[in-house]
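Engineer:
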């Protein structure tokens, strides 16, 4: 009984080894093939990205300031001038600079945003509020922490401020949804100030533009408050909470 | 830990292949699972009994410190009496995770223990937003501070970035007033409860950061501003303290920082004490 069992098990194992031996070269070939395909598709993706930037030959090439992490590794940001063909249409221009920011600097250590994050859409409301909709990787791949999350948002708002003066505030969505925090710390329920002066001008020019919708503009900011990265909740406030 | 040991035992027994051992192992596993479930539930319930209801005065709030300086007076001394300590994350939310398996949610609990000791040594009462591996919501944590009189809120974090061995203090970024500041009812809107306290938060943050910078080289000299969700709904001087980082190779490097961080926070809060005047706060709690 026992020897028969051992025989059967050994026979089965022997068969498995032979099958594995036959299958191994096929598997190896497949791995080689996929390895060949991958760099191609990456290159393609990059080409698509640059193509979208150079889609219109009439777009003037301008020096755009992109804010990535500084070489000092102290958590601060440093502007890098990159010559880009940028559209004159603010929403498209914002998309172009954000895509370049997402593509990352020459030194990957100085990235501020996760490499797999994608900008899904960018909208610009008439009052100057920009809405950037990022893929889920923006929230899931970013290193969790107050410093890293604040730096990511700072790099986005400062890059937009440098290239698209029409944007006054920025609201960040993740996969089309409003989320409470970016990765456990930074508040995304409100909007971030991009161009404080523009916010003031837009406010005085069109004060009641969006009062009917859920987004409401804040009163002008004082110069003292604009010196820091400023944050404001744009939710409608409940009038009788208690 | 207990689960791991017993599981390993079970596997060993199952591997012997003998039927009786099989059953014995399975029964042991069931027993272990039942025991752990029961103890886990009681562990989760325990801290809630320590969370004081809003009506409880601060003296009774903390059962672990029965003989504090305030115990002989029936009413709390005006000014700063209490520190609400918030070990961030917990439960399914691990927070920052290092490559070496270090979890922010676990480390902050250890730090909280040291900070608590240092604060109690300075005569403060301490309430923690969580005592074990659970995850109260942002609002639940804020509510614990908002229900207290004369409290400050200190949220503890461990980052995934930054120079290891440094500590940064953060204050909520400016919250510009809507509809002229306070609501017509005179109440502070929950969504922006931090707004009237920002000035005091900056003061507290600078005191704590100053003390941290002395102990941890490379740390900034003053508190920084960031849009931190936890602080926005907190109606008290509130700061977040972030220690760098979960990316250290050895967990001991972080453990060694804990007493220094506790001491610096306790000293910072003590330095801040004279600046804390409830009556002077616009929209301050009664």
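Chains as they are written, first to last, in my numbering: chain V, 302 to 543; chain C, 39 to 324. Each residue gets a CB set at the ideal place from its N, CA and C atoms; glycine is no exception. This structure is a prediction, so every number in the text was calculated from the model and none was measured.
Quick one: what does DSSP say residue 310/V is sitting in, helix, strand or coil?
Structural biologist: Looking at residue 310/V - three-state DSSP - the assignment turns out to be helix.
Engineer: Taking only the alpha-carbon atoms, compute the straight-line gap between residue 172/C and residue 150/C and give it to the nearest angstrom.
Structural biologist: C-alpha separation (whole angstroms): 14 Å.
Engineer: Buried or exposed: which applies to residue 507/V, given that a residue is buried once 16 or more other Cβ atoms fall within 10 Å of its Cβ?
Structural biologist: Unreliable placement is indicated for residue 507/V, whose pLDDT of 40 sits below 50; the coordinate value is still reported in the next sentence. With fewer than 16 Cβ atoms within 10 Å of its Cβ, residue 507/V is classed as exposed.
Engineer: Of the choices 206/C, 190/C, 211/C, whose alpha-carbon is the least far from that of residue 455/V?
Structural biologist: Nearest option by C-alpha distance: 211/C.
Engineer: Please state the DSSP three-state secondary structure of residue 280/C.
Structural biologist: Residue 280/C: strand per DSSP, three-state reduction.
Engineer: I'd like to know whether the C-beta atoms of residue 437/V and residue 374/V end up nearer to each other than 8 Å.
Structural biologist: Not a contact, by the Cβ cut-off of 8 Å.
Engineer: Residues of chain C with CB closer than 7 Å to the CB of residue 457/V, please, in chain order.
Structural biologist: Per Cβ cutoff of 7 Å: no residues; residue 457/V is ~13 Å from chain C at best.
Engineer: Can you list, in chain order, the residues of its chain whose CB lies under 6 Å from that of residue 304/C, leaving out five sequence neighbours each side?
Structural biologist: For residue 304/C, where only same-chain residues beyond five positions count, the Cβ hits under 6 Å are 156, 157, 160.
Engineer: Quick check on residue 380/V - is its C-beta less than 8 Å from some C-beta in chain C?
Structural biologist: Output row for residue 380/V: interface = no.
Engineer: Using 10 angstroms around the beta-carbon of residue 293/C, count the other beta-carbons present and answer buried if the total reaches 16, otherwise exposed.
Structural biologist: Exposed: under 16 other Cβ atoms inside 10 Å.
Engineer: Compare the Cα-Cα distances from residue 280/C to each of 446/V, 368/V, 430/V and report the closest residue.
Structural biologist: Among 446/V, 368/V, 430/V, the Cα nearest to that of residue 280/C is on 446/V.
Engineer: May I ask you to list, following chain order, the residues of the segment 275-286 of chain C that have a beta carbon less than 9 Å from some beta carbon of chain V?
Structural biologist: Within the segment 275-286 of chain C, the residues whose Cβ lies closer than 9 Å to some Cβ of chain V are 278, 280, 282, 283, 284, 285, listed in chain order.
Engineer: Report yes or no: is there a C-beta of chain V within less than 8 Å of the C-beta of residue 265/C?
Structural biologist: It does: the Cβ of residue 265/C has a partner Cβ on chain V nearer than 8 Å.
Engineer: Is residue 304/V close to chain C? Criterion is C-beta to C-beta, closer than 8 Å.
Structural biologist: Output row for residue 304/V: interface = no.
Engineer: Check the DSSP bridge columns for residue 364/V and list the partner residues they point to.
Structural biologist: Its beta-bridge partners are 384/V.
Engineer: If we require 3 or more residues per run, which beta strand (DSSP E) segments fall completely within the segment 398-473 of chain V?
Structural biologist: Segments of the beta strand (DSSP E) lying fully in the segment 398-473 of chain V: 420-425, 430-435.
Engineer: Which residue comes first and which comes last in the alpha helix (DSSP H) that contains residue 237/C?
Structural biologist: 236-253 is the span of the alpha helix (DSSP H), which, as asked, contains residue 237/C.
Engineer: In the DSSP output, which residue or residues are listed as bridge partners for residue 482/V?
Structural biologist: In the DSSP output, where bridge partners are listed per residue, residue 482/V has 488/V.
Engineer: Please say whether residue 489/V and residue 266/C have beta carbons closer to each other than 8 Å?
Structural biologist: Cβ atoms of residue 266/C and residue 489/V: not closer than 8 Å.
Engineer: Determine, for residue 127/C, whether the minimum Cβ-Cβ distance to residues of chain V falls below 8 Å.
Structural biologist: Chain V contact via Cβ: present.
Engineer: By the DSSP assignment, the beta strand (DSSP E) with residue 213/C in it spans what residues?
Structural biologist: Element bounds for residue 213/C: n/a, residue is neither H nor E.
Engineer: List, in chain order, every chain C residue whose beta-carbon is nearer than 7 Å to that of residue 482/V.
Structural biologist: Under the 7 Å cutoff, chain C gives 267.
Engineer: Would you call the segment 226-241 of chain C and the segment 449-468 of chain V touching, i.e. three or more CB-CB distances under 8 Å?
Structural biologist: As far as the Cβ criterion goes, the segment 226-241 of chain C does not touch the segment 449-468 of chain V, which means the pair count is below three.
Engineer: Indicate the three-state DSSP secondary structure (helix, strand or coil) for residue 335/C in the structure shown.
Structural biologist: Residue 335/C lies beyond the stretch modelled for chain C, which goes from 39 to 324, so this question has no answer here.
Engineer: Select from 226/C, 249/C, 197/C the residue whose C-alpha is nearest the C-alpha of residue 286/C.
Structural biologist: Taking only the C-alpha atoms, the option nearest residue 286/C is 197/C.
Engineer: Which residues does DSSP pair with residue 370/V in a beta bridge?
Structural biologist: Per DSSP, 378/V.
Engineer: Going along the segment 128-153 of chain C in order, which residues come within less than 8 Å of chain V, judged by CB to CB distance?
Structural biologist: Answer in chain order: 131, 133, 134, 135, 142.
Engineer: Can you find the residues in the same chain that come closer than 6 Å, C-beta to C-beta, to residue 391/V, ignoring five residues on each side of it along the sequence?
Structural biologist: Answer for residue 391/V: 425, 465, 467, listed in chain order.
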